[in-house]
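Report on the following structure.
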Amino acid sequence: MRTVLISGGRGLVGRSLSKLLKQKGYIVYKLTRRPKKSSHIYWNPEKQTIESKHLTEIDVIINLAGSGIADKKWSSDRKTDLINSRINSIQFLKSVSEKMPKLKYFISASGINCYGYNGPHEKTENDPYGDDFLSVLVKDWELASSSFEDVCPVAKLRIAMVIDHKGGALKKMLRPVKLGVGSPLASGKQYVPWIHIDDLCRMFLYCIENDISGTYNAANGYISNRELMKTITKKMRKPFFFPAVPKSILNLLLGEMATMLTESLKVSNEKIRKIGFQFKYANFDSAITEIVKK
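Here our numbering is used: the first residue of the sequence shown is 1, the next is one more, and so on.
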């Protein structure tokens, strides 16, 4: 039986992943600034503080720490927070890993928006990083994760837009749809990589149980923004409006962050499939059908 330590475990992915791990018989501890349960371990990376309890039991670290990319507009201070909340957390974990003599595996979240938006072809893990803010952020994030390679095998999952009824990007998309004003964004032709929460959690588990190392695109596939919104409105039996929300309006409202919504990105998931991982949801239609049922 393996013992897992999760940073960022109270977020959208962390909650679902913790549930799955417990169902599979894992012992799960979560790092948090506000411990409320016996399974919580206090830490504060900024103050370089962590409770030592249970650290000697840890076999696996799952790193999900980091402020939400789309939670706030990207001011200069916000960009600094997005970087520090990721890099500093990993660096602190690395510094206390010497207190974990049983540590055998490290797996970290990463971002699919690491390739930039510079071409129509499918991006593979061999493609270079882009030069925009998110690409540089992910590059530094992954470099920090790689520091664990002198301790144990390391895996990095470049996570696409997570589809889950409990929160995340989909919850925000559903708000206008529920009001009957669902419409595409910008041209609507831009492609959006996505992954169902169940498949993402299963991918983490698959990597842990098979000691998979390396970097992998975590995406079921990709879909145009227009087809995405059209599918959602259809499943919810709500009207689909066209024309779309103009790109200029999105740029005005969101600033630089608007690129996540207006620019196109196609990614390949062939690498993770080649090592035996099988996706539960083959297409966006089946994924959103399951979500709407909830």
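Beta carbons are placed, not taken as given, at the ideal position from N, Cα and C, and that holds for glycine.
Run through the DSSP bridge pairs and tell me what residue i is partnered with.
{"i": "Y105", "result": "V60"}
{"i": "K24", "result": "In the DSSP output, where bridge partners are listed per residue, K24 has none listed."}
{"i": "A218", "result": "I159"}
{"i": "W43", "result": "I50"}
{"i": "K30", "result": "I6, H40"}
{"i": "L12", "result": "Answer by DSSP bridge pairing: none, since L12 is not bridged."}
Which residue comes first and which comes last in the beta strand (DSSP E) that contains residue i?
{"i": "V245", "result": "Taken as a continuous stretch (DSSP letters only), V245 belongs to no beta strand (DSSP E), as it is neither H nor E."}
{"i": "V156", "result": "Note that residue 156 corresponds to Lys in the displayed sequence, not to Val. Its beta strand (DSSP E) spans residues 154-159."}
{"i": "W74", "result": "Premise fails: W74 is in no beta strand (DSSP E) and is neither H nor E."}
{"i": "P297", "result": "Nothing in the structure corresponds to residue 297, since the chain is present only between 1 and 294."}
{"i": "S7", "result": "3-7"}
Got a sec: is the Cβ-Cβ distance from residue i to anything in chain C below 8 Å?
{"i": "Y129", "result": "You won't find chain C in this structure, because it holds only one protein chain."}
Taking 8 Å as the cut-off, decide whether the C-beta atoms of residue i and residue j are in contact.
{"i": "T262", "j": "A160", "result": "no"}
{"i": "H196", "j": "I232", "result": "no"}
{"i": "D199", "j": "K123", "result": "no"}
{"i": "Y105", "j": "I41", "result": "no"}
{"i": "A144", "j": "I90", "result": "yes"}
{"i": "L21", "j": "L205", "result": "yes"}
{"i": "E256", "j": "W74", "result": "yes"}
{"i": "L103", "j": "V151", "result": "yes"}
{"i": "R158", "j": "C114", "result": "yes"}
{"i": "N225", "j": "G180", "result": "no"}
{"i": "N251", "j": "A258", "result": "yes"}
{"i": "S76", "j": "P153", "result": "no"}
Could you tell me how far apart the beta carbons of residue i and residue j are, in whole angstroms, since I believe they sit closer than 8 Å?
{"i": "S67", "j": "S85", "result": "4 Å"}
{"i": "C201", "j": "L17", "result": "5 Å"}
{"i": "V138", "j": "S110", "result": "6 Å"}
{"i": "Y334", "j": "S264", "result": "Past the edges of the chain, shown from 1 to 294, lies residue 334, and the structure says nothing about it."}
{"i": "P45", "j": "N88", "result": "5 Å"}
{"i": "R15", "j": "T32", "result": "Actually they do not touch by this definition, with Cβ atoms about 12 Å apart."}
List the endpoints of the continuous alpha helix (DSSP H) containing residue i.
{"i": "S145", "result": "133-145"}
{"i": "I232", "result": "225-235"}
{"i": "V292", "result": "284-293"}
{"i": "T262", "result": "259-262"}
{"i": "F35", "result": "Note that residue 35 corresponds to Pro in the displayed sequence, not to Phe. Segment: none, P35 is in no alpha helix (DSSP H) and carries neither H nor E."}
{"i": "E98", "result": "Where E98 is concerned, there is no enclosing alpha helix (DSSP H), given that its DSSP letter is neither H nor E."}
{"i": "E125", "result": "Neither: E125 is in no alpha helix (DSSP H) and is coded neither H nor E."}
Problem - the segment 268-287 touching the segment 221-238, judged by at least three CB pairs closer than 8 Å - result: yes
Practice task
Count the CB pairs spanning the segment 112-129 and the segment 163-178 that are closer than 8 Å, and state whether there are at least three.
Solution key: no
Exercise for the section: Pair every Cβ in the segment 52-65 with every Cβ in the segment 23-43, then say whether three or more of these pairs are closer than 8 Å. Expected result: yes
Exercise for the section: Please determine if the segment 51-58 and the segment 229-244 are in contact, where contact requires at least 3 C-beta pairs separated by less than 8 Å. Expected result: no
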